[in-house]
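Peer 1:
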Amino acid sequence: MGAKGWFIVKLLMFQGLFVSRPQEDFDFFYLVLQWPGAYCDTTRACCYPTSGKPAADFGIHGLWPNYKGGSWPSNCDPDSQFDRSQILDLVSSLKKNWPTLSCPSNEGFTFWEHEWEKHGTCSESVMDQHEYFENALKLKEKANLLQTLRNSGIVPDDGFYDLEEITKVIEGGIGFTPGIECNKDPELNDQLHQIYICVDTSGTEFIECPVLPRGRCPSTVQFSKF
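What the sequence shown shows, in mature numbering (1 follows the signal peptide of the UniProt record, and there is no 0), is residues -22 to -1, 1 to 204, in sequence order.
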């Protein structure tokens, strides 16, 4: 390559046009599952999806790459836009297991698009868009949270349950300690809202959490009806 060619290459590198974007690294995933009763039983607006009221079960909130230090990458690749054609075979399962509760009522594609572009694009080094959603669905099924809690008499009946017991029951079911997050209903009762389960960097296996989210739960929490 002549001097003129090298000059052009250097100019392109300087302008950021010749350098490929590096994949964002991360240490683990949080599989975040939310209880719809707690999401809806707040002052926040809640709308059922156009397919109707979701089943009374934990729904996927997201599969989020995280760092061991407690921070996380986000919006890693603006060029990797959500493409619904890549997940058409998963849509019926997504509607059931990853339903939207935001307003106005919609099919769910806006929710899934947000999760892919904010979180999924940071995991492209290990999975493409289809694998991202498929893995989350498989992990949710594997966790089987509601049945595990029911088997121990912890049911969504607006009753109050010991947080430590909830944690132990889930740990017994999945083999690892979960993170638990609560919110408040209009009467200021603390409700079981979200469960965080840690997943390895392949996005397929549960692991012990390198760091748990900061919980906002008292020793006793309400498991709201839905």
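The beta-carbon is built from N, C-alpha and C at its ideal position, and this holds for glycine as well.
Looking at Pro27 and Ser70, is the spacing between their C-beta atoms short of 8 angstroms?
Peer 2: No, these two residues do not count as a Cβ contact at 8 angstroms.
Peer 1: Just checking my contact of Ile175 with Ala121 at CB under 8 angstroms: how many whole Å lie between their CB atoms?
Peer 2: Rounded, the Cβ-Cβ distance is 6 angstroms, consistent with contact.
Peer 1: Alpha carbon to alpha carbon, how far is His92 from Cys24?
Peer 2: Each residue's Cα considered, the two are about 18 angstroms apart.
Peer 1: In whole angstroms, what is the alpha-carbon distance linking Tyr17 and Leu79?
Peer 2: Approximately 8 angstroms between the Cα atoms of the pair.
Peer 1: Buried or exposed for Gln125, please, with buried defined as at least 16 other CB atoms from any protein chain shown within 10 angstroms of its CB.
Peer 2: The residue in question, Gln125, is exposed, as its Cβ has fewer than 16 Cβ neighbours within 10 Å.
Peer 1: Does the Cβ of Asn10 have 16 or more other Cβ atoms within 10 Å, making it buried, or fewer, making it exposed?
Peer 2: Reading off the sequence, residue 10 comes out as Val, not Asn. Buried, since its Cβ has 16 or more Cβ neighbours within 10 Å.
Peer 1: Grab the span of the beta strand (DSSP E) containing Lys162 for me, first residue to last.
Peer 2: 157 to 162 is the span of the beta strand (DSSP E), which, as asked, contains Lys162.
Peer 1: Runs of 4 residues minimum, wholly inside the region 64 to 123: which ones carry the alpha helix (DSSP H) assignment?
Peer 2: Fully enclosed alpha helix (DSSP H) runs of 4 or longer: 69 to 75, 87 to 96, 107 to 121.
Peer 1: Count the other CB atoms within 10 Å of the CB of Glu186; is the residue buried (16 or more) or exposed (fewer)?
Peer 2: Exposed.
Peer 1: Could you check the C-alpha separation between Cys81 and Phe89 for me, to the nearest Å?
Peer 2: In a straight line, the C-alpha of Cys81 is about 11 angstroms away from that of Phe89.
Peer 1: Which residues mark the beginning and the end of the beta strand (DSSP E) in which Pro43 is found?
Peer 2: Element bounds for Pro43: 37 to 44.
Peer 1: May I have the straight-line CA-CA distance separating Ile(-15) from Ser58, to the nearest angstrom?
Peer 2: Below a pLDDT of 50, predicted positions are generally treated as unreliable, and Ile(-15), at 40, falls in that range; no measurement from the model is reported.
Peer 1: Take every Cβ of the region 50 to 69, pair it with every Cβ of the region 132 to 151, and state whether three or more of those distances are shorter than 8 angstroms.
Peer 2: Short answer: they don't touch.
Peer 1: DSSP three-state call for Gly137: helix, strand or coil?
Peer 2: Gly137 falls in the strand class under three-state DSSP.
Peer 1: Please work out which residues of its chain come closer than 7 angstroms, Cβ to Cβ, to Pro77, disregarding the five sequence neighbours upstream and downstream, and give them in chain order.
Peer 2: So the qualifying residues of the chain are Pro27, Pro32, Gly37, Gly86.
Peer 1: May I ask which residues mark the beginning and end of the beta strand (DSSP E) holding Cys176?
Peer 2: First-last of the beta strand (DSSP E) with Cys176: 168 to 177.
Peer 1: Between the C-alpha atoms of Pro134 and Asp163, what's the straight-line distance to the nearest angstrom?
Peer 2: Going by the C-alpha atoms only, they are around 14 angstroms apart.
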